[in-house]
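Quick note on numbering: our numbering labels position 143 of the sequence shown as 160, and the sequence is numbered without any gaps.
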Amino acid sequence: MNSLRQFTRRKALQSLAVPPSQGFSTIRLWQRHFNSTPAVASRLAGIDPSKLTVTKTSSPKELTPAKDLVFGKTFTDHMLAIEWSASNGWDAPRIVPYQNLSLDPSACVFHYAFECFEGMKAYKDNNGQIRLFRPDKNMERLNKSSSRIALPTVDGEALTQLVGELVKLDSRFIPSARGYSLYLRPTMIGTQSTLGVGPPGSALLFVIASPVGPYYPTGFKAISLEATDYAVRAWPGGVGDKKLGANYAPCIVPQLSAASRGFQQNLWLFGEEEYVTEVGTMNLFIALKNKETGQKELVTAPLDGTILEGVTRDSVLGLARERLAPNGWTVSERKIRMSEVAEAADEGRLIEVFGSGTAAIVSPVRNISYKGKMVDCGLKEDEEAGEIASQMKNWIEGIQYGDEDHKWSYVL
Ligand SMILES: *Cc1c(COP(=O)(O)O)cnc(C)c1O
Numbered sequence: 018m019n020s021l022r023q024f025t026r027r028k029a030l031q032s033l034a035v036p037p038s039q040g041f042s043t044i045r046l047w048q049r050h051f052n053s054t055p056a057v058a059s060r061l062a063g064i065d066p067s068k069l070t071v072t073k074t075s076s077p078k079e080l081t082p083a084k085d086l087v088f089g090k091t092f093t094d095h096m097l098a099i100e101w102s103a104s105n106g107w108d109a110p111r112i113v114p115y116q117n118l119s120l121d122p123s124a125c126v127f128h129y130a131f132e133c134f135e136g137m138k139a140y141k142d143n144n145g146q147i148r149l150f151r152p153d154k155n156m157e158r159l160n161k162s163s164s165r166i167a168l169p170t171v172d173g174e175a176l177t178q179l180v181g182e183l184v185k186l187d188s189r190f191i192p193s194a195r196g197y198s199l200y201l202r203p204t205m206i207g208t209q210s211t212l213g214v215g216p217p218g219s220a221l222l223f224v225i226a227s228p229v230g231p232y233y234p235t236g237f238k239a240i241s242l243e244a245t246d247y248a249v250r251a252w253p254g255g256v257g258d259k260k261l262g263a264n265y266a267p268c269i270v271p272q273l274s275a276a277s278r279g280f281q282q283n284l285w286l287f288g289e290e291e292y293v294t295e296v297g298t299m300n301l302f303i304a305l306k307n308k309e310t311g312q313k314e315l316v317t318a319p320l321d322g323t324i325l326e327g328v329t330r331d332s333v334l335g336l337a338r339e340r341l342a343p344n345g346w347t348v349s350e351r352k353i354r355m356s357e358v359a360e361a362a363d364e365g366r367l368i369e370v371f372g373s374g375t376a377a378i379v380s381p382v383r384n385i386s387y388k389g390k391m392v393d394c395g396l397k398e399d400e401e402a403g404e405i406a407s408q409m410k411n412w413i414e415g416i417q418y419g420d421e422d423h424k425w426s427y428v429l
C-alpha cells in the first residue's frame with residue numbers, strides 16, 4: 018500500500034487545491050505511469066488558456082524604487098501555476114498571489130534534480146504597451162529541456178498567452194525607463210513524492226516575475242575572464258545545452274575560484290583542442306581578422322552540445338548576417354581554439370570579444386587569462402565596449418522596446 022500511496026497526487030500550492038479527480042484509480046495511474054511515453058502523454062489534456070482562473074492578491078506590494086532594483090531579489094504580486102499529472106495532463110492554469118510552495122520532502126525535484134527553467138523579459142515601450150522578445154524561442158527551448166528530463170512539454174503559444182496575462186496583471190511593476198524590464202522565470206519541477214528513480218508522475222509549471230534595472234546602469238563595463246581548463250561545464254552528448262538547474266550549481270565553485278583571482282567569469286574551454294565554448298551564463302562572440310585574407314569575421318561556437326542555445330546568440334547571428342555581412346563581415350558558427358584567439362591578439366588581429374545573454378544583451382570582454390598570460394581583447398584603455406557590441410545592443414534594444422517594428426517583438 019505504501020508503495021502505491023506514493024503516486025497519490027499532492028498539491029504543491031495549497032491554495033490551488035482542487036477536488037480529487039473522479040473515478041481515480043491508483044492502480045491505473047500506476048500502470049499508466051510506468052507505461053507512459055511522451056506520445057501517450059501528448060494525448061492528455063494540453064494547457065488551456067480559456068480555463069485560466071485569477072485570484073488577485075489582497076495585499077499588493079509596495080514598488081521598489083527603480084534605482085534600487087537588484088536582479089532577482091523582488092517579485093511581483095502574482096505568479097502563474099499549472100499542475101500536471103501523468104493521468105490527467107495539464108490542469109486548469111491559475112494566476113494566484115505570489116506564495117510559497119508546499120512540497121513533500123520526498124518530492125523528486127529535491128533528490129534527482131527534476132527541474133528546468135527559462136529566462137525571458139517583458140518590456141514597456143514608449144506607448145506604454147508591453148512586449149515580449151521572441152517568446153517562441155524560449156518555449157521551444159523549455160520543451161527541449163523538460164523533455165530531456167522526463168517532464169512534460171507545453172503548447173508554447175498557450176503558455177506565452179498565459180505569461181502575457183500575468184505580465185499584464187502585474188504591469189505596474191515594470192518601470193517605463195529604457196533599460197528596465199520585467200524578468201520572467203518559467204520553471205518546471207517534478208513534484209512526485211518518491212525516492213524511486215523514475216519519470217515524475219506529477220509536475221508543476223510556474224512563472225514568477227522580477228522587475229529589473231539596466232545591467233550596466235552607468236554604461237558598459239568590460240569584464241575579465243579566466244579561461245578554465247581544469248573543469249568542464251558541458252560536453253557533446255551531455256545536457257549542458259539544456260537549461261536544467263542541475264547544470265548551474267557545479268559552476269559556482271570554479272566561479273568563486275576565478276573571482277578570487279580577480280576574474281568576473283569563467284570562459285569554459287572544451288577538450289584537448291581547448292575550444293572556446295561559452296562564458297558563465299552567456300554565449301561568446303569573437304570578432305577577428307583572418308590571418309591570410311584580412312577579412313573580418315564574427316565567430317561563435319556551434320551548437321554541438323557544449324553550449325546553451327541562447328536566444329540572444331541567435332539574434333546576434335541573425336542581425337550580423339543581415340546587417341554586418343553586407344559590409345564585408347563573415348559570420349561563422351564554428352569551433353575556435355583558445356590558442357587561435359590568443360594568436361589573433363598577439364598579431365593585432367583580435368577586434369573585440371563580447372558575451373551575449375538576456376540579462377545584459379551584450380557584455381564586452383577586456384581580457385582573458387590563459388595559461389598564465391593575459392590575452393588582450395582589443396579595447397582601448399578608456400573604452401568599455403567595441404563597435405560591434407555597441408551596435409548589437411542598440412539594434413536588439415531597439416527591437417525589444419519597439420523603436421523598430423520587427424517580427425521578433427511580441428506585443429501583448
Ligand atoms: C540562458 C543561458 C545563456 C543565454 O541565453 P539567452 O537565451 O540569450 O538568455 C547562455 N549560456 C547559458 C549557460 C545559459 O544558461
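Think of the CB as a built atom: it goes at the ideal place given N, C-alpha and C, for glycine as much as any other residue.
Looking at the DSSP output, K138 shares a beta bridge with Y200.
With a cut-off of 8 Å on Cβ pairs, the stretch 161 to 172 is in contact with the stretch 215 to 226, counting three or more such pairs. DSSP places W346 in the coil class of the three-state scheme, outside both helix and strand. Shown here, K90 sits in coil according to DSSP, grouped into three states, outside any helix or strand. By the 16-neighbour rule on beta-carbons within 10 angstroms, R383 is buried. V358 and L273 have their C-alpha atoms roughly 25 Å apart. Considering only T329, L159, R338, the residue with the shortest C-alpha distance to I206 is L159. Taking C-beta atoms as the reference points, L367 and A304 count as a pair closer than 9 Å. Taken from the Cβ of A337, every heavy atom of ligand 1 lies 8 Å or farther away. Relative to ligand 1, L367 has its C-beta separated by 8 Å or more from all heavy atoms. The nearest non-hydrogen atom of ligand 1 is less than 8 Å from the C-beta of S373. Listed in chain order, the non-local C-beta contacts of E182 below 8 Å within the same chain comprise P66, L69, V71, L97, I112, local neighbours out to five positions each way being set aside. Under the three-state reduction of DSSP, Q282 is assigned to strand. Within a 10 Å sphere around the beta-carbon of T170 sit 16 or more other beta-carbons, which makes this residue buried. Secondary structure note for E157: its alpha helix (DSSP H) is the uninterrupted segment 152 to 165.
Pairing P122 with F88, the inter-Cα distance amounts to about 29 Å. The beta carbon of R151 is closer than 6 Å to those of V328, W425 in its chain, skipping five residues each way along the sequence. The Cβ-Cβ distance between I378 and Y232 falls below 9 Å.
For the 9 Å CB-CB criterion, V293 and G372 do not form a contact. Judged by beta-carbon spacing, G415 lies beyond the 9 Å limit of G403, meaning their Cβ atoms are not closer than that value. One alpha carbon belongs to R189, the other to W252, and they sit about 42 Å apart. Of the candidates D142, I240, G322, D142 places its Cα closest to the Cα of Y197.
Proximity of the beta carbon of A361 to ligand 1 is not indicated: no heavy atom of the ligand is located closer than 8 Å. S193 sits away from G236, with the two beta carbons spaced by 9 Å or more. If you ignore the 5 residues before and after K410, its C-beta comes within less than 6 Å of the C-beta of I378, V379, all in its own chain and listed in chain order. In this structure, the CA atom of A109 is about 13 Å from the CA atom of L61. Distance from the C-beta of I413 to the nearest heavy atom of ligand 1 is not below 8 Å. In this structure the stretch 305 to 325 does not touch the stretch 275 to 282; the number of beta carbon pairs closer than 8 Å is below three. Taking a cut-off of 8 Å for Cβ pairs, the stretch 127 to 137 and the stretch 201 to 217 touch, as three or more such pairs fall below it. In the structure shown, K308 adopts coil according to DSSP, grouped into three states.
DSSP, read as helix, strand or coil, puts A124 in strand. Where T177 is concerned, the enclosing alpha helix (DSSP H) starts and stops at 173 to 186. For E289, the Cβ stays outside the 8 Å cut-off from all heavy atoms of ligand 1.
V392 sits in a strand when the DSSP states are folded into three classes. Going by DSSP, G372 is part of the beta strand (DSSP E) stretching over 367 to 374.
Counting along the chain, A275 sits inside the alpha helix (DSSP H) bounded by residues 269 to 277.
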